[in-house]
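In terms of this note's numbering, the sequence shown is numbered consecutively and its last residue is 395.
We treat Cβ as the ideally placed atom computed from N, Cα and C, and that holds for glycine.
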Amino acid sequence: MALDVTEATFQRDVIERSRELPVVVDFWAAWCAPCRALGPVLEKAAAEREGKLALVKLDTDANPRIAAAFRIQGIPAVKAFRDGQVVSEFVGAQPAPAVARFLDALLPSEADGLVETGDEAALRKALELEPGRADAAVALARLLAERGERDAALSVLGNVAGSFAADGLAARLRLELDDPELRAAFAALDAGELQRGLDGLIFAIAAGAPERREDLRRAVVGVLDELGVEHPLARESRRKLASALY
Numbered sequence: 150m151a152l153d154v155t156e157a158t159f160q161r162d163v164i165e166r167s168r169e170l171p172v173v174v175d176f177w178a179a180w181c182a183p184c185r186a187l188g189p190v191l192e193k194a195a196a197e198r199e200g201k202l203a204l205v206k207l208d209t210d211a212n213p214r215i216a217a218a219f220r221i222q223g224i225p226a227v228k229a230f231r232d233g234q235v236v237s238e239f240v241g242a243q244p245a246p247a248v249a250r251f252l253d254a255l256l257p258s259e260a261d262g263l264v265e266t267g268d269e270a271a272l273r274k275a276l277e278l279e280p281g282r283a284d285a286a287v288a289l290a291r292l293l294a295e296r297g298e299r300d301a302a303l304s305v306l307g308n309v310a311g312s313f314a315a316d317g318l319a320a321r322l323r324l325e326l327d328d329p330e331l332r333a334a335f336a337a338l339d340a341g342e343l344q345r346g347l348d349g350l351i352f353a354i355a356a357g358a359p360e361r362r363e364d365l366r367r368a369v370v371g372v373l374d375e376l377g378v379e380h381p382l383a384r385e386s387r388r389k390l391a392s393a394l395y
């Protein structure tokens with residue numbers, strides 16, 4: 150059976166719990182016939198995935214503030230939460246196969262588990278299942294580079310599109326090969342001396358040969374992407390990067 154949640158328990162049972170596993174909220178009301186049709190379908194599908202996700206129900210009539218906060222305009226409405234945020238949703242009664250696909254999309258894939266394992270064999274298998282997957286490719290390329298297989302690492306990264314992390318690592322592998330000063334900047338980054346490492350790379354953009362500028366930019370952007378926009382160093386380093394480039 151699905152857990153009934155209220156305005157008093159929503160934060161604990163949905164928002165906070167969704168940081169541990171996906172939480173699916175069925176917004177319903179007793180008078181709603183489609184809600185009564187969808188409820189058993191959801192409960193059966195969730196029971197088949199017990200331990201992998203949680204299903205809860207919220208009566209929109211009894212909890213109007215929560216319904217309003219999530220802009221519920223028609224019911225049944227189903228919203229899936231992960232890490233405190235809505236990540237997927239649908240409105241209206243759905244057949245069992247559609248509900249199953251909705252729930253399965255919330256669960257970690259086989260490749261997700263392999264990437265989390267992190268060893269070389271697992272990462273290679275993840276890339277077989279999902280070619281071009283950025284997090285697997287970057288992790289594998291780092292393993293290969295650490296043991297000196299630079300060309301193999303670049304080959305792995307070459308199959309990834311649209312990833313700042315992959316582009317940044319590939320740029321690093323090209324740049325640090327023949328330049329002691331750049332190797333020192335990357336070594337500083339590896340040692341956690343972020344300011345020194347980023348400043349070294351950004352200085353090289355302003356002072357270095359034009360043909361290296363794009364790889365240097367990619368290397369810096371890759372580091373900033375990994376740090377995230379909220380990191381205190383990111384904003385200042387982006388300003389310095391823009392100044393060096395333009």
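Which residues DSSP lists as bridging residue i, in chain order
| i | result |
| --- | --- |
| E360 | Bridge partners of E360: none, in fact. |
| V287 | V287 is not bridged to any residue. |
| E238 | K228 |
CA nearest to the CA of residue i, picked from the options
| i | options | result |
| --- | --- | --- |
| D253 | S237, T266, V264 | S237 |
| Q243 | L278, R198, A194 | A194 |
| G233 | R291, R250, F159 | F159 |
| R273 | A334, L293, A355 | L293 |
| A353 | E165, V235, L331, I221 | L331 |
| L343 | L365, R361, L318, P381 | P381 |
| V248 | L191, L202, P225 | L191 |
| P213 | W177, V235, A270, R166 | W177 |
| G341 | V372, L394, I215, R388 | V372 |
| G377 | F313, I164, G267, A182 | F313 |
| K206 | D364, R282, P225, R387 | P225 |
| L187 | L347, A151, R291 | A151 |
| F219 | A203, P257, F239 | F239 |
| G297 | G317, L322, A315 | L322 |
| P329 | A319, C184, D316, L350 | L350 |
| R345 | A320, D327, E385 | E385 |
| E295 | P280, G281, L318, L276 | L318 |
| E139 | A315, A356, R361 | A question about residue 139 goes unanswered here, because the residues of the chain that appear run from 150 up to 395. |
| V163 | R185, V235, R282 | V235 |
| A355 | D327, D374, A391, A333 | A391 |
| D268 | E279, G281, R291, P257 | R291 |
Simplified DSSP assignment, three categories, for residue i
| i | result |
| --- | --- |
| S304 | helix |
| R96 | Here the chain comprises residues numbered 150 to 395, so residue 96 is not present and cannot be evaluated. |
| V296 | In the sequence as presented, Val is not what sits at residue 296; that position holds Arg. Looking at R296 - three-state DSSP - the assignment turns out to be coil, as it is neither helix nor strand. |
| P381 | helix |
| A151 | coil |
*Write down every uninterrupted run of the beta strand (DSSP E) in the region 153-236 whose length is 3 residues or greater and which is fully enclosed by it, in chain order.*
Secondary structure in the region 153-236: the beta strand (DSSP E) runs of 3 residues or longer, each lying completely within the stretch, are 172-177, 203-208, 226-231 in chain order.
*Taking contact to mean at least 3 C-beta pairs separated by less than 8 Å, is the region 303-318 in contact with the region 281-294?*
Because the criterion of three Cβ pairs below 8 Å is met, the region 303-318 and the region 281-294 touch.
_Completely contained alpha helix (DSSP H) runs for the region 310-377, where each covers 4 or more residues_ = Taking 4 residues as the shortest admissible run, the region 310-377 contains the following complete alpha helix (DSSP H) segments, listed from N- to C-terminal end: 313-324, 329-339, 343-356, 362-376.
*Are there three or more Cβ pairs, one per stretch, closer than 8 Å when the region 226-237 is compared with the region 166-178?*
yes
*Would you call the region 260-271 and the region 180-197 in contact, with 3 or more CB pairs under 8 Å?*
no
*asked:* Would you call the region 334-341 in contact with the region 309-317, where contact means no fewer than 3 C-beta pairs closer than 8 Å?
replied: no
*alpha helix (DSSP H) runs wholly inside the region 237-279, at least 4 long, in chain order*: 245-253, 259-266, 269-278
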